[in-house]
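Protein chains in written order, with the working numbering: chain G, -9 to 110; chain V, 82 to 187.
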Amino acid sequence: QVQLVQSGAEVKKPGASVRVSCRASGYTLTDFGLHWVRQAPGQSLEWVGWINGGNDNIKYSESLRGRVTLSRDTSASTDYLELSSLTSEDTAVYYCARASTVTTGSLDFWGQGTLVTVSS
Amino acid sequence: EVVLTQSPDFQSVTPKEKVTITCRASQNIGTALHWYQQKPDQSPKLLIKFASQSISGVPSRFSGSGFGTDFTLTINSLEAEDAAAYYCHQSSHLPITFGGGTKVEI
């Protein structure tokens, strides 16, 4: 069965960077796009970025551009999100979610979420 | 960016009631609109894809409709386990965007 398993919670100081991993099983990573979405406490969902199934196209949220990097290790079936220059505004649960097609579409499977807390 | 406006923000209902949640897009997105349910401390779960397509394992009391800019999620005969937040999401244009959410309280 399809599963997305994310790395554990992180606590970071302002100005630091964080890397969150998302390991896929039950399907081939390059057959589907993957989105990253975050949710601040008590808030709605916010798109962070996307990598398509073919590994040849990555898009980022304009509000995070310059601070966010998505990458993929196909051999490990794992995607990574790195966010730098953290502020308290980045405190949120970060989710990876599989798209229903090689590009985008509905988000049919989600990771369990990774809480990133930014605090001095 | 496509803005999705959901209403209502909050709805308090009793079991067996019918619930209707609307999602309005700021531009035509065809049927590229999806609905999710999120319970406290859980990841969102896909309920309806492409406006009206059902998802295997999701109870048949959940249904969706709409095209273009106006969409509706309907929960027929609400059950206690349906207490959750509901979000719409559009995949027509990047950036993908989400509605502000509707919290349904039983």
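All C-beta atoms in this analysis are idealised placements derived from N, C-alpha and C, irrespective of residue type, glycine included.
Whole runs of the beta strand (DSSP E) within the segment -4 to 37 of chain G, excluding any shorter than 3 residues
0 to 2, 8 to 15 and 24 to 29
Judging by CA-CA distance, which residue of P4/G, G5/G and S11/G is the nearest neighbour of G199/G?
Given a span of -9 to 110 for chain G in the structure shown, any question on residue 199/G remains unanswerable.
Whose Cβ in chain V lies nearer than 7 Å to the Cβ of Q102/G?
S124
Let me make sure I understand the geometry here. Which of L60/G, W40/G, E79/G and G23/G has the alpha-carbon closest to that of V92/G?
G23/G
Could you give the DSSP three-state label for S78/G: helix, strand or coil?
Helix at S78/G.
Taking only three categories from DSSP, how would you classify S65/G?
helix
Please check if any C-beta of chain B sits within less than 7 Å of the C-beta of W26/G.
Protein chains in the displayed structure are G and V, and chain B is not among them.
In chain order, what residues of the same chain lie with their CB nearer than 6 Å to the CB of G101/G, ignoring the 5 residues before and after it?
L(-6), Q(-4), C12, Y85 and C86
What does T178/V reach in chain G if we use C-beta pairs closer than 8 Å?
W37
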